[in-house]
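Each residue of the sequence shown is one higher than the last, beginning at 59 in our numbering.
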Amino acid sequence: MAPHAAQRGTRLRMRMSYNGADFQAVDEAALTVIGVQKVEWVGRQNSVSDEDALDACPNWPAGLSPGSVRVFPDARFVGGAVESTPRDRVDVRVTLTVKPVEPVTMYLRSFDVDDPTAHDNVVDDESTAEDNRGTTPAAA
Numbered sequence: 059m060a061p062h063a064a065q066r067g068t069r070l071r072m073r074m075s076y077n078g079a080d081f082q083a084v085d086e087a088a089l090t091v092i093g094v095q096k097v098e099w100v101g102r103q104n105s106v107s108d109e110d111a112l113d114a115c116p117n118w119p120a121g122l123s124p125g126s127v128r129v130f131p132d133a134r135f136v137g138g139a140v141e142s143t144p145r146d147r148v149d150v151r152v153t154l155t156v157k158p159v160e161p162v163t164m165y166l167r168s169f170d171v172d173d174p175t176a177h178d179n180v181v182d183d184e185s186t187a188e189d190n191r192g193t194t195p196a197a198a
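Here is the structure:
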């Protein structure tokens, strides 16, 4: 069943008749199938222009899907001093196909995404189990 774009996208109707008697029962219920329309990374003032809107990575190989955005996680040098916060976090924005009638709990998990580039000058060594991530805050 595909996710709905409107609440109560599927209506169920049950009708029961009893043979030989003048009796009929009818009941209806509505069902909403909620899907994930898109998942986006939102920066925390760590884009190329120190804003929240992350731009597409110009180094990402053409034709690979999904696309890639770039984050500049380093501490900034502002007013002659290095900032104490390195801006090394992003937020996730999940857009659903339909607004839920009641609160919906969603579970998200981070994974170590493989480096899609050539194996020369390896950035992401796949020969070790915890190759470049260590313990993530979400998994700790």
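Just so it is clear, CB atoms sit at the ideal spot from N, CA and C, and this is done for glycine as well.
inquiry  = Please classify residue 105 as buried or exposed, where buried requires at least 16 other C-beta atoms within 10 Å of its C-beta.
reply    = The residue you call residue 105 lines up with position 47 of the sequence shown. Burial call: buried.
request  = Using 10 angstroms around the beta-carbon of residue 121, count the other beta-carbons present and answer buried if the total reaches 16, otherwise exposed.
outcome  = Taking the sequence shown and counting its residues from 1, one reaches residue 121 at position 63. Around the beta-carbon of residue 121, fewer than 16 other beta-carbon atoms lie within 10 Å, marking it exposed.
query = Do residue 65 and residue 159 have their C-beta atoms closer together than 8 Å?
reply = As a working mapping, residue 65 is identified with position 7 in the sequence shown. As a working mapping, residue 159 is identified with position 101 in the sequence shown. Yes, these two residues count as a Cβ contact at 8 Å.
query = Can you name, in chain order, every residue of its own chain whose Cβ lies under 6 Å from the Cβ of residue 128, other than the five neighbours on each side?
reply = Working through the sequence shown from its first residue, we reach residue 128 at position 70. Within its own chain, the residues whose Cβ lies closer than 6 Å to the Cβ of residue 128, once the five positions on either side in sequence are excluded, are 115, listed in chain order.
Simplified DSSP state of residue 68, which is helix, strand or coil = What you label residue 68 is simply residue 10 of the sequence shown in a count that begins at 1. Strand, per DSSP.
inquiry  = I'd like to confirm the pairing. Which residues does DSSP put opposite residue 98 in its beta bridges?
reply    = Position 40 of the sequence shown, counted from the first residue, corresponds to residue 98. Answer is 151.
Local Cβ density within 10 Å of residue 112, reported as buried at 16 or more and exposed below that = Here the question's residue 112 lines up with position 54 in the sequence shown. Buried, because 16 or more other Cβ atoms sit within 10 Å of the Cβ of residue 112.
inquiry  = In the DSSP assignment, the beta strand (DSSP E) including residue 266 goes from what residue to what residue?
reply    = Beyond the ends of the chain as shown, which are 59 and 198, falls residue 266; an answer cannot be given.
key: Paired residues, beta bridge with residue 136 - DSSP   = Here residue 136 corresponds to residue number 78 of the sequence shown, with the count starting at 1. Answer is 139, bridged to residue 136.
ask   = Taking residue 146 as the reference, which of 62, 90, 110 and 97 has the closest Cα?
value = On the sequence shown, position 88 is the one that residue 146 refers to. Cα-wise, what sits closest to residue 146 is 110.
message = Quick check: what's the CA-CA separation for residue 241 versus residue 132?
response = No statement about residue 241 is possible, as the shown extent of the chain runs from 59 to 198 and does not include it.
query = Name the DSSP bridge partner or partners of residue 127?
reply = If you number the sequence shown from 1, residue 127 lands on position 69. Paired residues: 114.
inquiry  = Quick check on residue 75: does DSSP put it in helix, strand or coil?
reply    = Numbered from 1 along the sequence shown, position 17 holds the residue referred to as residue 75. In this structure, residue 75 counts as strand in the three-state DSSP scheme.
ask   = For residue 138, does the count of other Cβ atoms within 10 angstroms reach 16, so buried, or fall short, so exposed?
value = One-based indexing of the sequence shown puts residue 138 at position 80. A residue is called buried when at least 16 other Cβ atoms come within 10 angstroms of its Cβ; residue 138 does not meet this threshold and is exposed.
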